[in-house]
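Numbering (the numbering used here), first residue to last: 2 to 420. Backbone N, C-alpha and C fix where the C-beta goes; we use that ideal spot for every residue, glycine too.
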Ligand code: ARG
């Protein structure tokens with residue numbers, strides 16, 4: 002029987018279709034449980050723990066909560082290690098910076114979350130995946146494109162975008178009408194997305210780009226003015242492009258990122274306030290706190306400048322922008338992203354060594370670099386004793402390197418004379 006026929010047979014027999022819901026525990030996705038049920042679906046909730054700063058505590062409570070809402074099955078999955086080892090690791094090697102400013106965070110977690118959603122849909126025999134994204138953001142694009150890339154047959158639903166319950170109040174009323182009492186908590190004045198790689202803060206008062214972000218927008222970075230008066234010095238060790246130890250202590254990427262969020266955040270480093278171009282065509286004002294992300298990328302770039310040849314660095318820089326744009330636009334599972342990754346992986350073989358960083362009142366300065374695969378040659382560079390550079394070769398080089406320019410100038414001078 003074809004899939005369509007089996008769906009029709011299911012409907013005729015009164016058997017309900019199954020949908021996997023990307024459930025965050027917030028008001029939108031809570032409301033989606035009765036909504037999807039009323040649409041004839043049995044709902045399977047999946048809560049993805051990717052290191053949200055506020056909700057790290059009780060995954061089991063979130064999982065059970067979904068069952069009390071009427072979900073027929075509920076999962077809470079700790080994806081933090083996988084998120085770091087797969088997505089964050091790729092982003093570090095790529096020095097990922099969308100529009101040269103934003104080290105990505107929401108865009109990085111979606112591919113991992115989608116992978117789990119599709120796997121669970123297969124395991125549970127679900128025909129659709131639902132997300133709680135609005136119609137204005139990038140996340141709808143990522144959820145839909147990435148799920149479809151993983152299973153082109155699956156249907157992706159965006160009910161919050163497509164239905165008419167758009168206000169908080171109407172959602173609370175809808176839940177009440179469906180027997181779900183919502184505790185009326187004070188809603189955050191911002192829209193927040195968080196994971197181990199940082200925090201995104203948008204909406205509310207930030208929608209006017211002239212407004213200074215209020216102090217309560219920031220939660221994981223100190224105000225640089227209040228940060229310690231003494232700098233903190235950290236040494237980050239890299240192996241083949243990835244950080245593996247801080248101050249001589251080896252740790253997995255998740256621990257290392259958490260640690261640097263703490264240390265850099267305390268020193269008031271990691272705030273970003275920018276106007277960003279969304280995939281759906283509009284500009285938005287976005288604030289981010291990404292202390293570990295910015296510190297690691299800063300250090301990684303510095304080490305690459307020591308270990309890689311200049312032409313490779315220049316070519317990689319172009320591809321880094323392409324990589325970030327690609328991931329931002331939900332094109333994670335594509336041959337373009339995979340091919341850039343292959344290039345980048347090849348560049349990282351010799352990116353090993355130690356970077357000394359000084360964190361001080363909102364700044365992060367590289368103050369030292371060393372590597373066994375350093376291309377910096379003291380003998381070639383020095384102006385003091387020990388010079389090994391052959392200056393006599395410079396003269397001939399100048400003649401050839403400047404030759405096209407010389408010819409151009411000669412012709413130009415000739416043409417100017419004729420005129
Ligand atoms: N603009 C960022 C991005 O697209 C952050 C989105 C954050 N989502 C949110 N609900 N606040 O990657």
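If you scan the segment 326–390 from start to end, which runs of the beta strand (DSSP E) of 3 or more residues do you find wholly inside it? 354–361 and 364–371
Measuring only the C-alpha atoms, how far is residue 389 from residue 361? 38 Å
Mapping the DSSP letters down to three states, classify residue 275 as helix, strand or coil. strand
Starting from residue 39, trace the alpha helix (DSSP H) both ways and give me its first and last residue. 28–39
DSSP state of residue 2, grouped into three classes? In this predicted model, residue 2 has a pLDDT of only 39, less than 50, meaning its place in the structure is not dependable; the value taken from the coordinates is given anyway. DSSP places residue 2 in coil when its eight states are reduced to three.
Rounded separation between residue 426 and residue 108 - CA only: Outside the shown range of the chain, which is 2 to 420, sits residue 426, and nothing can be said about it.
Taking C-beta to C-beta, are residue 28 and residue 169 nearer than 8 Å? yes
Using a Cβ distance threshold of 8 Å, determine whether the segment 124–138 contacts the segment 20–27, with at least three qualifying pairs required. yes
Where residue 264 and residue 372 are concerned, what is the direct C-alpha to C-alpha distance, given to the nearest angstrom? 24 Å
Check residue 78 in the structure and name its three-state DSSP category. strand
Please state the DSSP three-state secondary structure of residue 85. helix
Distance, Cα to Cα, residue 2 vs residue 255? The pLDDT assigned to residue 2 is 39, lower than 50, so where the model puts this residue is not dependable; a value taken from the coordinates is nonetheless given after this. Residue 2 and residue 255: Cα-Cα distance of roughly 46 Å.
From the DSSP output, read off the bridge partner residues of residue 158. 131
For residue 125, which residues does DSSP report across the bridge? Bridge partners of residue 125: none, in fact.
Distance, residue 370 Cα to residue 335 Cα: 35 Å
According to DSSP, what are the bridge partners of residue 234? 359
Under 8 Å between C-beta atoms of residue 243 and residue 345: no
Given residue 274 as reference, the closest of 219, 280 and 349 once Cα atoms are compared: 219
Quick check on the burial criterion: 16 or more other C-beta atoms within 10 angstroms. Buried or exposed for residue 207? buried
In the DSSP assignment, find the unbroken alpha helix (DSSP H) run with residue 91 in it and report its ends. 90–94
What does DSSP give as the partner residues of residue 50 in its beta bridges? 79
Secondary structure, beta strand (DSSP E): runs of 3+ residues fully inside the segment 173–233: 192–196 and 199–203
Residue 139 beta carbon near the ligand ARG (any heavy atom closer than 7 Å): yes
Determine the burial state of residue 241: buried for a count of at least 16 other Cβ atoms within 10 Å of its Cβ, exposed for fewer. exposed
Give me the DSSP bridge partner(s) of residue 23. 47
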